[in-house]
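In the working numbering, the protein residues as written are 1 to 261.
Note that the Cβ used here is the ideal one computed from N, Cα and C, for glycine as well.
So, in structure tokens, the structure goes:
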């Protein structure tokens with residue numbers, strides 16, 4: 001447990017897709033600062049492994065098999081969190097599908113486009129919306145505050161040929177998060193996005209740098225890929241009271257990729 005600037009003792013954070021990759025890194029950052037964590041993900045084996053790892057920090061951890069493409073499962077997931085912890089302080093909407101196969105939008109079947117958005121756009125939206133609903137209720141009872149966080153990508157800032165569903169979901173959620181910041185600010189609820197650059201995680205592979213890795217790093221001011229540990233601190237900051245006046249923002253963590261454009 002900690003008593004520092006980012007102390008999360010007594011706070012509860014839901015992390016979707018929190019059993020691996022960046023999601024697990026976000027959850028690890030919360031746990032390191034003494035925060036309780038509820039992981040929502042579908043792979044039960046990975047859920048169990050993540051729970052064991054996070055509990056080593058001496059904090060309460062629960063796991064729930066939640067498919068964020070289902071609004072019903074989202075609502076049920078929050079009901080379980082409230083039964084277990086009695087409160088909700090932060091939601092990190094990280095669950096999403098990996099970037100689809102590159103193809104021209106002229107050749108992209110409409111069903112494939114809609115199916116991708118069902119998880120990466122609709123799922124993220126309803127995850128944050130239902131979390132906000134609980135935070136508003138608590139604020140109306142006399143305890144304002146709460147943090148809504150969306151994990152986006154650099155495609156929120158620049159075009160991405162051949163992946164319109166991926167870029168579209170990230171850009172749309174960025175706009176929704178800014179709208180949430182405006183609408184829910186009067187309750188002390190803040191809403192922000194994180195835009196990671198090129199990161200080596202479970203989705204992009206780990207270990208030795210591939211030719212693709214080396215090509216991508218040419219675009220970074222800091223000549224290395226991002227790693228999960230680089231994102232633990234931002235999760236702790238956004239979940240903590242240290243960020244209580246920070247809202248409506250997109251925090252770019254990209255090793256200086258955007259400044260090199």
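Query: Boundaries (first-last residue) of the alpha helix (DSSP H) holding residue 195; Result: Here residue 195 belongs to no alpha helix (DSSP H); instead the beta strand (DSSP E) covers 189–196.
Query: Per-residue burial, residue 150 [other beta carbons within 10 Å of its own, 16 or more giving buried]; Result: buried
Query: Distance, residue 163 Cα to residue 105 Cα; Result: 7 angstroms
Query: DSSP state of residue 228 mapped onto helix, strand, coil; Result: helix
Query: Within 8 angstroms, strictly: CB atoms of residue 50 and residue 59; Result: no
Query: Nearest residue (CA-CA) to residue 178, options 79, 199, 152; Result: 152
Query: Contact between the region 75–91 and the region 109–121 (3+ Cβ pairs under 8 angstroms); Result: no
Query: Contact check, residue 246 vs residue 190, beta carbons under 8 angstroms; Result: yes
Query: The region 206–221 / the region 168–182 touching (three or more Cβ pairs under 8 angstroms); Result: no
Query: Chain-order list of residues whose beta-carbon lies under 8 angstroms from that of residue 48 (same chain, five-residue window excluded); Result: 63
Query: Contacts around residue 139, its chain only, beta-carbon distance under 8 angstroms, and the 5 residues preceding and following it disregarded; Result: 145, 146, 187, 188, 189
Query: Residue 121 CB to nearest heavy atom of the ligand PLP below 7 angstroms; Result: The ligand PLP is absent from the structure shown, which contains no ligands of any kind.
Query: Through-space distance from residue 119 to residue 134, alpha-carbon basis; Result: 22 angstroms
Query: Assigned exposure category for residue 212 - 16 Cβ within 10 Å defines buried; Result: exposed
Query: Residue 72, DSSP secondary structure in three states; Result: helix
Query: Residue 83 to residue 227 span [Cα, whole Å]; Result: 34 angstroms
Query: Cα-Cα separation, residue 45 to residue 14; Result: 19 angstroms
Query: Boundaries (first-last residue) of the alpha helix (DSSP H) holding residue 117; Result: 110–117
Query: CB-CB length for residue 4 against residue 41, believed under 8 angstroms; Result: Not really, about 29 angstroms apart at Cβ, beyond 8 angstroms.
Query: Beta-carbon contacts of residue 8 that lie in its chain and below 7 angstroms, excluding the five residues immediately before and after; Result: 30, 33, 34, 35, 236, 239, 240
Query: Residues bridged to residue 151 (per DSSP); Result: 194
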